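Asks:
Numbering (this note's numbering), first residue to last: 484 to 673.
Structural data, given as structure tokens:
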């Protein structure tokens, strides 16, 4: 994954990638590679992650990065991020996200982001995820930063997978980033 992802991010900054993972070991390896290579390229990394998974990632990162390089990591608890208003509410999440990235934008600092997406139950209205992902896709293109949205494959019903394929122009699949033919940019919808 490392070579392909970094080549793509050097060529193009506004990359919104869907990553559907199946095993935690591979997930940890992929997120650590993404962060490690980003930091080596000079990017700050905003990691929106589950508080139980983050220590596992941090343990691996320490093997690859020195103390100064670890300062390039901005960790955000994903529960606080997605449920800052008490529920999965796209406008509140967007406001939270904008507050996180504003210092990077204001100071012209390159950053990339990895977001571990989870919600409280499969009964959540999935259209809310669609609404938020559309907002994020527009932000990625407007602010020109790479973002990988990670979803646990076995928690993704077919309906959600179809929605996400339309919102993400790229998919990380078996260590390759491919362009999805189902992607529909917001410009196409207008």
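Ideal placement from N, C-alpha and C gives every residue a C-beta, glycine not left out. Since the model is a prediction, treat every value here as computed from it, not as a measurement.
#1: Could you check if residue 499 is buried or exposed, using at least 16 other CB atoms within 10 Å of its CB as the buried criterion?
#2: Use the C-beta contact count for residue 596: other C-beta atoms within 10 angstroms, 16 or more gives buried, fewer gives exposed.
#3: Below 7 Å CB to CB, which residues in the same chain sit around residue 588 once its five sequence neighbours on both sides are set aside?
#4: Have a look at residue 664 and residue 550 and give me their C-alpha separation to the nearest angstrom.
#5: Buried or exposed for residue 642, please, with buried defined as at least 16 other CB atoms from any protein chain shown within 10 angstroms of its CB.
#6: For the candidate residues 579, 560, 532, whose alpha-carbon lies nearest to that of residue 515?
#7: Does the stretch 641 to 656 come into contact with the stretch 498 to 513, if we say contact requires no fewer than three beta-carbon pairs (one atom in each stretch) closer than 8 Å?
#8: Does the beta-carbon of residue 517, which I'm using as the reference point, lie nearer than 7 Å to any heavy atom of the ligand NAP?
#9: Can you tell me where the beta strand (DSSP E) holding residue 547 begins and where it ends?
#10: Between which two residues does the beta strand (DSSP E) harbouring residue 557 extend?
#11: Which class does residue 622 belong to by DSSP, given the choice of helix, strand or coil?
#12: Taking 8 Å as the cut-off, decide whether the C-beta atoms of residue 559 and residue 539 are in contact.
#13: Using only CA atoms, which one of 543, 561, 640, 583 lies nearest to residue 508?
#14: Could you name the residues of the same chain whose beta carbon sits closer than 7 Å to that of residue 564, not counting the 5 residues immediately before and after it, in chain order?
#15: Ends of the beta strand (DSSP E) at residue 528?
#16: Taking all protein chains shown into account, decide if residue 661 is buried (16 or more other Cβ within 10 angstroms of its Cβ) or exposed.
Replies: Walking through what the data contain:
#1: Position 16 of the chain shown, counted from the first residue, corresponds to residue 499. Buried, by the Cβ-count rule.
#2: Locating residue 596 in the chain shown gives position 113, where the first residue counts as 1. Counting Cβ neighbours within 10 Å, residue 596 comes out buried, since at least 16 surround it.
#3: Sequence index remark: in the chain shown, residue 588 carries index 105 (1-based). Only 626 meet the Cβ criterion.
#4: The count along the chain shown starts at 1 and reaches residue 664 at position 181. The count along the chain shown starts at 1 and reaches residue 550 at position 67. The alpha-carbon atoms of residue 664 and residue 550 are separated by roughly 42 Å.
#5: Mapped onto the chain shown, residue 642 falls at position 159. Its Cβ having fewer than 16 others within 10 Å, residue 642 is exposed.
#6: Within the chain shown, numbered from 1, the residue matching residue 515 stands at position 32. The option with the nearest alpha carbon to residue 515 is 532.
#7: yes
#8: What this structure holds is no ligand at all, so the ligand NAP is not there to describe.
#9: The residue given as residue 547 occupies position 64 in the chain shown. Note, residue 547: premise wrong, no beta strand (DSSP E); alpha helix (DSSP H) at 537 to 547.
#10: One-based indexing of the chain shown puts residue 557 at position 74. Per DSSP, residue 557 is one residue of the beta strand (DSSP E) stretching across 556 to 560.
#11: Position 139 of the chain shown, counting from 1, holds the residue named residue 622. Assignment of residue 622 by DSSP, reduced to helix, strand and coil, places it in the helix class.
#12: The residue given as residue 559 occupies position 76 in the chain shown. The residue given as residue 539 occupies position 56 in the chain shown. No, the pair does not count as a contact, with Cβ atoms beyond the cut-off.
#13: Position 25 of the chain shown, counted from the first residue, corresponds to residue 508. The residue with the shortest Cα to Cα distance from residue 508 is 543.
#14: To locate residue 564, count along the chain shown from 1; it is residue 81. Taken in chain order, the residues that qualify are 531, 576, 579.
#15: Position 45 of the chain shown, counted from the start, is the residue given in the question as residue 528. For residue 528, the uninterrupted beta strand (DSSP E) segment begins and ends at 527 to 532.
#16: Against the chain shown, residue 661 aligns to sequence position 178. By the neighbour-count rule (16 or more Cβ atoms within 10 Å), residue 661 is not buried but exposed.
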